[in-house]
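Working notes for the structure below.
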Amino acid sequence: MLSPVTTLSIDAARPPLLSVTGLTKDFSSGGRLFRAVDDISLQIPQGGVLGIVGESGSGKSTVARLVMRLIEPTAGTILLDGEDLSAKSGESLRLIRRHMQIVFQNPHSALNPRHTIHDAIAEPFLVQTTIRGLELERRVEALLDIVSLPKAFKYRYPHELSGGQKQRICIARAVALEPRLLVLDEPTSALDVSVQAQIITFLQELRDRLNLTYLFISHNLAVVRYLCDRVIVMNQGKMVEEGVTDAIFANPSNSYTRQLIDSIPRLPQRNLVY
464 MLSPVTTLSI DAARPPLLSV TGLTKDFSSG GRLFRAVDDI SLQIPQGGVL GIVGESGSGK
524 STVARLVMRL IEPTAGTILL DGEDLSAKSG ESLRLIRRHM QIVFQNPHSA LNPRHTIHDA
584 IAEPFLVQTT IRGLELERRV EALLDIVSLP KAFKYRYPHE LSGGQKQRIC IARAVALEPR
644 LLVLDEPTSA LDVSVQAQII TFLQELRDRL NLTYLFISHN LAVVRYLCDR VIVMNQGKMV
704 EEGVTDAIFA NPSNSYTRQL IDSIPRLPQR NLVY
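This note's numbering puts the first residue of the sequence shown at 464, with every later residue one more than the last.
And the structure:
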């Protein structure tokens, strides 16, 4: 059962945790420039969940990678709690990444098959901190508890886990350093339908427990409707609509948005079983 999410209002007097302005990305292909992301601006307050939806090729996943500085923007600014990420590089960028993490679409490829689950969860501590020994063990076990997996799982390898369990491990690793922002790039699309609702419910609970802020990328409009306070609709690299999730689903103003919603035969209401 997925309970209705509480819609958060953006307090105009409170600066957003994430603020993106004029984000643009050009790629070169065959000697031609292709604009994958065209002048995207967005804001997310602390504890908010912003969804970005669109068909394949709309540019939504490129936005996620730009926000994380995994690829460089052609233009635009990205502010995390007022700090300009575009001005960061090297050590300063590495340090600020402690406050923002990403969970990718495919948990099967995100985990090294040669490493135990312990190694996967411990990696952020080994790279970013001086935590070692018994304290490291305590933190690995605490993270397994947060994602509702037995402590004994730390001795297992990825191939011994289900898809949903692997994604929980990826989420545990992502929240290890207590980030404020979590970028979720299609986190359920590689999972069985029966597992997707479990992960979405878990993400709701994790948000409340850790006061996380989500940028949620998905093509699954039903999932976005359940999880997100606000939603951006993208088409061919451009933002075509943005607003409170329930309002957009109830009365979309853009024809493309309406087309996306109408393409779902049975879009469940938020108080129904997913």
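Virtual Cβ for every residue (Gly too), placed ideally from N, Cα, C.
Would you grab the beta carbon distance between residue 499 and residue 522 for me? Rounded to a whole angstrom, and I think it's under 8 Å. 5 Å
Based on DSSP bridge pairs, tell me the residues matched to residue 658. Answer is none; residue 658 lacks a bridge partner.
Might you give, ordered along the chain, the residues of its own chain that have their beta carbon closer than 7 Å to the beta carbon of residue 538, omitting 5 neighbours on each side? 485, 487
Looking only at C-alpha atoms, which of 565, 556, 505, 495 sits nearest to residue 704? 505
Which residue wins for smallest C-alpha separation from residue 681, given the options 510, 542, 646? 646
Stretch pair the segment 532-550 + the segment 678-696: three plus CB contacts closer than 8 Å: These segments do not touch.
For residue 614, the first and last residue of its enclosing alpha helix (DSSP H): Premise fails: residue 614 is in no alpha helix (DSSP H) and is neither H nor E.
As an exercise, report each continuous alpha helix (DSSP H) stretch of at least 4 residues that is fully enclosed by the segment 649-725, in chain order. 656-673, 684-690, 708-713, 718-725
Taking the beta carbon of residue 605 as the centre, do at least 16 other beta carbons fall within 10 Å, making it buried, or is it exposed? Exposed is the call here.
For residue 677, which option in 683, 684, 667 has the closest C-alpha, if you only look at C-alpha atoms? Of 683, 684, 667, the smallest CA-CA separation from residue 677 is found for 667.
Take residue 614 as the anchor and find which of 601, 621, 625, 626 has the nearest alpha-carbon. Relative to the Cα of residue 614, the nearest Cα in the group 601, 621, 625, 626 belongs to 601.
Checking 8 Å against the spacing of the C-beta atoms, do residue 687 and residue 708 come in under that value? yes
State the start and end residues of the unbroken beta strand (DSSP E) segment that holds residue 498. 495-507
Assess contact between the segment 607-622 and the segment 549-564, defined as three or more Cβ pairs (one per stretch) separated by less than 8 Å. Is contact present? no
What is the residue span of the alpha helix (DSSP H) that residue 628 lies within? 626-637
Could you name the residues of the same chain whose beta carbon sits closer than 6 Å to that of residue 482, not counting the 5 residues immediately before and after it, in chain order? 506, 542
Which listed residue (701, 628, 669, 725) has its alpha carbon closest to that of residue 684: 725
Nonlocal neighbours in the same chain, by C-beta distance under 8 Å from residue 472, ignoring five residues either side: Caution applies to residue 472, whose pLDDT of 42 falls short of 50 and renders its modelled position unreliable; the model cannot decide the point.
Among 570, 627, 502, 560, the one whose alpha carbon lies nearest that of residue 540: When only C-alpha atoms are compared, the closest one is 502.
Pull up the distance between the alpha-carbon of residue 545 and that of residue 511, whole angstroms please. 16 Å
Nearest-angstrom Cβ-Cβ length linking residue 565 and residue 548, presumed shorter than 8 Å: With 8 Å as the limit, residue 565 and residue 548 do not qualify as a contact, their Cβ atoms being about 13 Å apart.
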